[in-house]
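According to this note's numbering, the sequence shown holds residues 1 to 533 in order. Yeah, the Cβ is synthetic: ideal placement off N, Cα and C, and Gly gets one too. Nothing here was measured: the structure is a model prediction, and the numbers come from that model. Input: a single structure, listed below in structure tokens.
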Amino acid sequence: MTHAIPAQDSFLDPKDAFSDPLHHKTYLVDGQLKAWNGPMADVFSPIRTLENGAETPVYLGSAPDLKKEQGMEALAAARKAYDNGRGAWPTMPAADRIAAMEKFIDRMVEQRELVVKLLMWEICKRKKDAVKEFTRTVEYLRETVVEYKKLHREGSHISNVEGTLAQIRRGPLGVVLCLGPYNYPLNETFCVLLPAILMGNTAVFKPAKYGVLLITPLLEAFRECFPPGVVNIVFGRGRELAAPIMQSGHVDVLALIGNSKSSNALISQHPKPNRVRQVLGLEAKNPAIILPDADLDLAVKQCVSGAWSYNGQRCTALKVIYVHKYVRAEFLEKFAAATDRLRAGLPFSDADITPLPERGKVEAMQAYVDEAIEMGAKVINAKGGQTAGAIFFPAILFPVSRAAAIFREEQFGPVCPVIEFEDIEEVMADIAESDYGQQASVFSQNPEAMGKVIDQLVNQVCRVNLNASCQRGPDALPFTGRKDSAVATLSVRAALRSFSIRTIVACSEGRKDMLEGVVSGRHSTFSSMDYLL
Ligand code: G3H
1 MTHAIPAQDS
11 FLDPKDAFSD
21 PLHHKTYLVD
31 GQLKAWNGPM
41 ADVFSPIRTL
51 ENGAETPVYL
61 GSAPDLKKEQ
71 GMEALAAARK
81 AYDNGRGAWP
91 TMPAADRIAA
101 MEKFIDRMVE
111 QRELVVKLLM
121 WEICKRKKDA
131 VKEFTRTVEY
141 LRETVVEYKK
151 LHREGSHISN
161 VEGTLAQIRR
171 GPLGVVLCLG
181 PYNYPLNETF
191 CVLLPAILMG
201 NTAVFKPAKY
211 GVLLITPLLE
221 AFRECFPPGV
231 VNIVFGRGRE
241 LAAPIMQSGH
251 VDVLALIGNS
261 KSSNALISQH
271 PKPNRVRQVL
281 GLEAKNPAII
291 LPDADLDLAV
301 KQCVSGAWSY
311 NGQRCTALKV
321 IYVHKYVRAE
331 FLEKFAAATD
341 RLRAGLPFSD
351 ADITPLPERG
361 KVEAMQAYVD
371 EAIEMGAKVI
381 NAKGGQTAGA
391 IFFPAILFPV
401 SRAAAIFREE
411 QFGPVCPVIE
421 FEDIEEVMAD
431 IAESDYGQQA
441 SVFSQNPEAM
451 GKVIDQLVNQ
461 VCRVNLNASC
471 QRGPDALPFT
481 GRKDSAVATL
491 SVRAALRSFS
501 IRTIVACSEG
511 RKDMLEGVVS
521 GRHSTFSSMD
531 YLL
């Protein structure tokens, strides 16, 4: 491997090392922050120091390495709080659940500085993106409250359907096991966990493998704002904690943002897998398709941000680029030049390319490159594949064999294959063959050509981006995928629906006295006409 990225940009000066390692020794179960005196897992930053040729990852602290018993204790607490739907939380008036959630959001905001700092140190999200992740999450949660009120108002209505009076509300599903990803350790977990809670479910939440410490400043807020057992937070390895929880058969919803291998393995361990509602955000291989009449400068700009933002570690990243043979040479030249202008460095300096958090990731990226080269590809950009510590400078590969792993697999990192095409049918055939179906980006200045491609793509993926890279936002839009890319839909509104089920209280028109009595006497929380404003 070459080492051409300046060391002063990519390694931390030892005098700047994390001054105050954080040793977090509690976990949240049944409304208590329980002290943990067992084994701890050390947490290191992807950032390294370099002294006399030796690279050392920066030490950030430690978190509990909990065992099966603590996971089961958390599950028991969540079950008790749900109590088969009769617990205080699932039966509580919606206004009270909203009050708890609003209090939590306020408490969360107080921890902003520390969480943003840990996002930079733990997963190397650059400062402006770390701030964005925090503020976007807070806005999402506030919007969730607004949407929940709307949903509740819709349920405060009785319709007469062919002589049957029916009140339809969305109710909770039960106990949720929530597992998040390392690339959006705050946003993607909170944007499923908190809508699930607001709907009346209870949860066991285990933070991702990386991005663990940044959750710890929020434990006290969870403890303070939600009744015992509603949110339980455990730290440790998935195999040790999540597997036995699933094997118990007491999980009603698996909310997992990660990959299909993990979700399939977990679902298959549940004794009654058909009973588990799945809310999954999984892998993707979003293609960019550059038609011969595309504005190449725009396409290059979008491909640079689409493929390389946060080092390509986004489920929505562009992970394969198809370019028409007429414009292939010009596109590649411009794309390579624009990529090489990116600055590699540490997250504090808002560098474009930062160290990769996953252990062994630099080697995994190198393996993709090596195999593609063996099959005839070249790294097109001069700086492609340069390394320094855990930094891997983005590598553009061309021409790439369809037999190469980088063509099929989700690389989730800074390597991108480019494929030349002559006939759009070649691209469509690949997309149809692919295991993934999240989004696609199409670049063209010709409405007729664009229209045709839109119609061919909309039944293969769930969002077609015109002259723009792929992305999840705005968060009010439905975010989902076909095939192995997702199960269920997320958005501010859709998440509330994904974590609930429609339930009806019905009676015949001729016997409406009973319903009138229940409602006017305010005898039921469900059968109420209360209108949340
Ligand atoms: O990792 C997947 C994220 O949901 C992508 O979100 O497009 O806003 O980066 P984003």
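Is it the case that the CB of residue i approaches a heavy atom of the ligand G3H more closely than 7 Å?
{"i": "Thr-316", "result": "yes"}
{"i": "Asn-84", "result": "no"}
{"i": "Tyr-182", "result": "no"}
{"i": "Arg-472", "result": "yes"}
{"i": "Glu-358", "result": "no"}
{"i": "Glu-283", "result": "no"}
{"i": "Glu-139", "result": "no"}
{"i": "Glu-410", "result": "no"}
{"i": "Glu-188", "result": "yes"}
Residue range of the alpha helix (DSSP H) that residue i falls in?
{"i": "Val-323", "result": "Note, Val-323: premise wrong, no alpha helix (DSSP H); beta strand (DSSP E) at 318–324."}
{"i": "Ile-289", "result": "Unbroken run through Ile-289 is the beta strand (DSSP E), 286–290; no alpha helix (DSSP H)."}
{"i": "Asn-264", "result": "260–269"}
{"i": "Cys-576", "result": "This structure cannot settle anything about residue 576, because the visible part of the chain is limited to 1 through 533."}
{"i": "Lys-34", "result": "Run containing Lys-34: none in the alpha helix (DSSP H); it sits in the beta strand (DSSP E), 32–35."}
{"i": "Val-138", "result": "127–155"}
{"i": "Gly-306", "result": "296–308"}
{"i": "Gly-451", "result": "447–457"}
{"i": "Ser-10", "result": "7–10"}
{"i": "Ile-424", "result": "424–433"}
{"i": "Ile-123", "result": "112–123"}
{"i": "Leu-28", "result": "Premise fails: Leu-28 lies in the beta strand (DSSP E), 26–29, not in any alpha helix (DSSP H)."}
When burial is assigned at 16 or more other CB atoms within 10 Å of the CB, is residue i buried or exposed?
{"i": "Ala-7", "result": "exposed"}
{"i": "Val-176", "result": "buried"}
{"i": "Tyr-531", "result": "exposed"}
{"i": "Val-161", "result": "exposed"}
{"i": "Leu-496", "result": "buried"}
{"i": "Ile-501", "result": "exposed"}
{"i": "Arg-511", "result": "exposed"}
{"i": "Phe-11", "result": "buried"}
{"i": "Met-1", "result": "In this prediction, Met-1 has a pLDDT of 45, which is less than 50 and means its spatial position is unreliable; what the coordinates show is noted afterwards. Result: exposed."}
{"i": "Ile-47", "result": "buried"}
{"i": "Asn-381", "result": "buried"}
{"i": "Lys-378", "result": "exposed"}
{"i": "Leu-60", "result": "buried"}
{"i": "Thr-164", "result": "exposed"}
{"i": "Met-514", "result": "exposed"}
{"i": "Asn-183", "result": "buried"}
{"i": "Val-146", "result": "exposed"}
{"i": "His-250", "result": "buried"}
{"i": "Pro-447", "result": "exposed"}
{"i": "Asp-455", "result": "exposed"}
{"i": "Asp-20", "result": "exposed"}
What residue range does the beta strand (DSSP E) around residue i cover?
{"i": "Val-175", "result": "175–179"}
{"i": "Ile-501", "result": "500–508"}
{"i": "Ser-45", "result": "40–51"}
{"i": "Ser-159", "result": "158–161"}
{"i": "Ile-396", "result": "395–398"}
{"i": "Ala-63", "result": "54–64"}
{"i": "Tyr-531", "result": "Note, Tyr-531: premise wrong, no beta strand (DSSP E); not H, not E."}
{"i": "Gly-281", "result": "277–281"}
{"i": "Arg-79", "result": "Counting along the chain, Arg-79 falls outside any beta strand (DSSP E), though it belongs to the alpha helix (DSSP H) covering 68–82."}
{"i": "Val-464", "result": "463–466"}
Consider the Cβ of residue i: report whether some Cβ of chain D lies at a distance smaller than 8 Å.
{"i": "Glu-113", "result": "Given the protein chain composition of this structure (a single chain), no chain D is represented."}
Taking 7 Å as the cut-off, is the beta-carbon of residue i closer than that to any non-hydrogen atom of the ligand FMN?
{"i": "Asp-513", "result": "As far as ligands go, the structure on display features the ligand G3H and does not contain the ligand FMN."}
For the 8 Å Cβ check, are there 3 or more pairs between the segment 426–445 and the segment 234–249?
-> The segment 426–445 is not in contact with the segment 234–249.
How about the segment 197–214 and the segment 159–178: do they share at least three Cβ pairs that are nearer than 8 Å?
-> When C-beta atoms of the segment 197–214 are compared with those of the segment 159–178, three or more pairs fall below 8 Å, so the two segments count as touching.
Whole runs of the beta strand (DSSP E) within the segment 175–256, excluding any shorter than 3 residues | Runs of the beta strand (DSSP E) inside the segment 175–256: 175–179, 202–206, 231–233.
Give a yes or no on contact between the segment 135–143 and the segment 187–198, applying the rule of three or more CB pairs nearer than 8 Å.
-> The segment 135–143 vs the segment 187–198: in contact.
Count the C-beta pairs between the segment 421–433 and the segment 384–393 that are closer than 8 Å, then say yes if the count reaches three, no if not.
-> Too few Cβ pairs lie closer than 8 Å, so no.
Flag this pair as touching only if the segment 38–53 and the segment 9–28 have three or more C-beta atom pairs under 8 Å; answer yes or no.
-> At 8 Å Cβ cutoff, the stretches touch.
Counting pairs of Cβ atoms below 8 Å between the segment 446–462 and the segment 261–268, do you hit three or more?
-> Two segments are said to touch when three or more pairs of C-beta atoms, one from each, lie closer than 8 Å; by this definition the segment 446–462 does not touch the segment 261–268.
Are three or more beta carbon pairs between the segment 286–304 and the segment 216–223 nearer than 8 Å?
-> These segments do not touch.
Could you tell me whether the segment 370–389 touches the segment 400–412, where touching means 3 or more Cβ pairs closer than 8 Å?
-> Counting Cβ pairs under 8 Å, three or more are found: they touch.
Determine, using beta-carbon pairs with one atom in the segment 224–239 and one in the segment 515–533, whether at least three such pairs fall under 8 Å.
-> Proximity of the segment 224–239 to the segment 515–533 falls short of the contact definition, fewer than three beta-carbon pairs being nearer than 8 Å.
contact_flag[the segment 12–19, the segment 49–57] where n(CB pairs < 8 Å) is 3 or more | Flag = yes, the segment 12–19 and the segment 49–57 touch.
Below 8 Å, can you find three or more Cβ-Cβ pairs linking the segment 303–310 to the segment 333–344?
-> Yes: at least three Cβ pairs fall under 8 Å.
Three or more C-beta pairs closer than 8 Å, one from the segment 413–428 and one from the segment 320–336: is that the case here?
-> Yes: the two stretches touch, three or more of their Cβ pairs being nearer than 8 Å.
Taking three-plus beta-carbon pairs below 8 Å as touching, is the segment 142–156 in contact with the segment 481–490?
-> No, the segment 142–156 does not touch the segment 481–490.
Cβ contact check for the segment 67–75 and the segment 88–100: 3 or more pairs under 8 Å | No: the two stretches stay apart, fewer than three of their Cβ pairs being nearer than 8 Å.
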